[in-house]
Amino acid sequence: MALRVYNTLTRQKEAFQPIEPGKIGIYACGITVYDLCHIGHARSAIVFDVISKYLQYLGFEVTFIKNFTDVDDKIIDRAHAEGCDIKGITEKYIEAHNRDMDALGVARPTIAPRATENIEGMIRLITTLFEKGLAYDADGDVYYAVEKFKGYGKLSGRNLEDMLAGARVDINEKKRNPMDFALWKASKEGEPWWDSPWGKGRPGWHIECSVMSQRYLGDTFDIHGGGEDLIFPHHENEIAQSEGATGKPLARYWLHNGFVRVNSEKMSKSLGNFSTIQDMLLSYHPEVLRLFVLQSHYRSPVDFSEGSLRDARTGMDRFYTALKTMKDTLASHGGAINEGKDPLTEEHRQVFEKIMTLPERFAEAMEDDFNTAKAIGHLYDAVRILNSFMAEWKNKPASETVYVLVRSREILLRTGAVLGLFLDDPDHYFDADRNREVRKKGLNVEEIEGLVEARRLARAQKDWKKADEIRQALVEKRVSLKDTSDRTVWKIE
RNA sequence: GGCGGCAUAGCCAAGUGGCUAAGGCAACGGUCUGCAAAACCGUUAUUCACCGGUUCGAAUCCGGUUGCCGCCUCCA
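Numbering-wise (our numbering), the first sequence opens with residue 169 and increments by one.
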């Protein structure tokens with residue numbers, strides 16, 4: 169294994185070495201729970217899910233921590249707007265988030281801690297920062313004195329002078345340096361608060377991650393991840409807090425995923441150009457979303473559009489068509505597996521050997537900074553080889569054929585599973601896809617099936633003209649037909 | 001203004017010094033099919049935004065130009 173990862177801290181790919189052999193700790197910044205998750209959140213979640221799954225596939229025991237920020241200005245605003253307390257908001261959106269992630273096939277983290285469950289730890293950490301001379305109290309607000317931390321700016325690649333030059337920070341007379349950031353905020357009227365040595369208040373945004381990562385993963389852990397917008401200020405500030413307190417590096421490798429864009433602009437709440445995961449799942453199979461995300465490298469920006477999702481759907485259909493053909497071929501030949509006792513024919517052996525190289529090529533792509541796009545290219549290669557093989561052999565049952573298909577399918581499914589793909593049953597995949605499309609386009613299933621049956625009768629009587637007219641009528645409803653030896657299946661384009 | 005990233009075929013997208021520039025979508029031709037669809041076979045970038053440089057050799061390294069994007073404020 170020669171895993172190499174791009175480390176934002178050093179701006180280059182590095183050989184990956186876990187701190188403790190066989191074990192890996194990952195901390196990924198979660199979301200602030202005040203609204204539904206959109207495709208951008210989905211990308212980040214899918215990327216780190218795949219990283220975690222791949223590391224487990226390599227045999228590592230992975231501890232994956234992803235937090236919920238459940239106290240913050242936006243949550244408070246939302247609670248005021250809806251006339252409830254913050255828990256009324258956070259519970260609702262944590263639940264929605266979990267539903268979305270489950271639907272996307274994103275594994276639940278080992279632990280999903282919440283900021284509000286870690287207030288004591290934050291107070292302890294802030295106290296330590298006071299002791300180190302890195303924090304100061306200003307009328308109940310507590311700030312971090314960035315000038316006192318010599319490494320400030322090392323992650324984002326800038327220094328304090330650069331930051332001040334273009335600073336767009338609020339003028340705040342309480343701060344000694346405009347770049348100082350809040351560790352603790354005095355609560356205003358109507359805001360949630362906790363008691364602290366500095367009065368009633370609530371935590372600043374960054375302190376929670378320093379506390380929770382240390383609590384569950386220790387002073388120094390392997391991988392810290394998040395969207396690239398978190399590099400500054402959030403992750404920079406986490407480093408200042410954690411390393412300022414412990415004197416040890418916070419994380420060995422910093423991984424950041426690129427954004428989802430819409431018309432070349434960042435997808436975000438503030439621009440209002442977002443699509444929620446919930447909405448997308450009404451129109452597409454979750455694995456289509458995963459394929460869409462994983463077809464680009466995780467650090468590149470990816471442009472979201474209806475067209476690019478349709479393309480991903482077509483690609484996913486290609487995979488499931490192959491899996492369906494394999495399933496049907498095996499079902500029709502049930503049982504007779506040649507367990508390698510009889511020698512394979514030359515053609516069988518050649519196909520089998522090509523498929524056997526898939527895990528190796530897959531690993532080669534993945535260990536180069538998780539190159540899922542390349543890995544998917546290898547999956548398509550395997551599918552083409554298998555389709556070709558089946559086209560040649562499916563009507564000539566042979567125990568070697570069954571053997572090759574059974575083993576090949578295992579390999580395909582095992583590698584696909586690392587990406588969270590091919591987990592559905594092919595028949596279920598196509599049924600669900602058809603149901604989604606029918607609902608979306610408001611089509612009438614009985615009417616379609618009636619036409620399909622009418623065409624079947626016409627074909628049985630070799631009335632090709634009538635059969636083609638019916639098919640043309642269906643095509644106008646975007647229904648496409650596929651005649652197999654015993655029946656006709658239809659799908660929506 | 002400061003810092004950083006990107007530019008590869010009609011579209012999406014791998015590739016970061018050296019075999020014929022992955023793969024997907026789309027298109028076209030062929031096989032199969034009553035005809036289609038799916039599948040398979042074949043075709044589609046002598047060229048990697050542009051200009052210059054380094055090198056025996058560059059899409060890949062260096063300098064410049066143009067265009068796009070991100071961060072510097074909450075943000076995955």
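Just so it is clear, CB atoms sit at the ideal spot from N, CA and C, and this is done for glycine as well. Just so it is clear, the structure is predicted and the values come from calculations on it, not from any experiment.
What did DSSP end up calling residue i once you bin it into helix, strand or coil?
i: His-402; result: helix
i: Arg-276; result: coil
i: Pro-371; result: strand
i: Thr-176; result: coil
i: Asn-425; result: strand
i: Gly-325; result: coil
i: Arg-623; result: helix
i: Ala-170; result: coil
i: Lys-650; result: strand
i: Ile-254; result: helix
i: Lys-522; result: helix
i: Trp-632; result: helix
i: Trp-366; result: coil
i: Asp-549; result: helix
i: Ala-480; result: helix
i: Trp-561; result: helix
i: Glu-605; result: helix
i: Glu-341; result: coil
i: His-209; result: helix
i: Ser-232; result: Rather than Ser, the amino acid found at residue 232 in this sequence is Phe. Of the three classes helix, strand and coil, the one that applies to Phe-232 here is strand, per DSSP.
i: His-248; result: helix
i: Lys-416; result: coil
Could you round the C-beta distance between residue i and residue j to whole angstroms and report it? I think they count as a contact, below 8 angstroms.
i: Met-484; j: Leu-450; result: Contact doesn't hold; Cβ gap of about 16 angstroms is too wide.
i: Ile-660; j: Val-647; result: 6 angstroms
i: Leu-328; j: Leu-177; result: About 18 angstroms; that fails the 8 angstroms criterion.
i: Lys-343; j: Tyr-311; result: 6 angstroms
i: Ile-192; j: Asp-390; result: 5 angstroms
i: Gly-358; j: Gly-308; result: That belief does not hold up - the Cβ atoms of Gly-358 and Gly-308 are roughly 16 angstroms apart, past 8 angstroms.
i: Ala-635; j: Ala-641; result: Going by Cβ atoms, the distance from Ala-635 to Ala-641 rounds to 11 angstroms, so no, they are not a contact pair.
i: Glu-528; j: Ala-170; result: 13 angstroms between Cβ atoms; not a contact.
i: Arg-282; j: Asp-238; result: 5 angstroms
Please classify residue i as buried or exposed, where buried requires at least 16 other C-beta atoms within 10 Å of its C-beta.
i: Ala-419; result: buried
i: Glu-621; result: exposed
i: Met-524; result: exposed
i: Ala-183; result: exposed
i: Pro-365; result: exposed
i: Ala-333; result: exposed
i: Leu-439; result: exposed
i: Lys-650; result: exposed
i: Thr-652; result: exposed
i: Ala-550; result: buried
i: Arg-517; result: exposed
i: Trp-632; result: exposed
i: Gln-409; result: buried
i: Asp-592; result: buried
What separation, rounded to the nearest whole angstrom, lies between the Cα atoms of residue i and residue j?
i: Ala-413; j: Leu-272; result: 38 angstroms
i: Arg-111; j: Pro-454; result: For the chain, the structure presents residues 169 to 661; residue 111 sits outside this window and is missing.
i: Glu-229; j: Gly-190; result: 6 angstroms
i: Gly-319; j: Leu-223; result: 30 angstroms
i: Asp-601; j: Pro-594; result: 10 angstroms
i: Leu-498; j: Thr-278; result: 38 angstroms
i: His-402; j: Tyr-304; result: 19 angstroms
i: Ile-407; j: Pro-346; result: 18 angstroms
i: Ile-287; j: Ile-262; result: 19 angstroms
i: Asp-387; j: Thr-482; result: 46 angstroms
i: Leu-351; j: Glu-188; result: 31 angstroms
i: Tyr-421; j: Glu-568; result: 47 angstroms
i: Thr-231; j: Ile-194; result: 6 angstroms
i: Gly-394; j: Cys-377; result: 12 angstroms
i: Lys-353; j: Arg-478; result: 47 angstroms
i: Arg-326; j: Tyr-202; result: 31 angstroms
Within 8 angstroms, do at least three Cβ pairs link the stretch 440 to 454 to the stretch 188 to 201? no
Three or more C-beta pairs below 8 angstroms linking the stretch 572 to 583 and the stretch 603 to 623: no
If we count Cβ pairs, one from each stretch, closer than 8 angstroms, do we get three or more for the stretch 420 to 439 versus the stretch 466 to 473? yes
Touch check for the stretch 291 to 299 and the stretch 239 to 257: three-plus C-beta pairs under 8 angstroms? no
Are at least three pairs of beta-carbons, each pair with one atom in the stretch 533 to 548 and one in the stretch 214 to 223, less than 8 angstroms apart? yes
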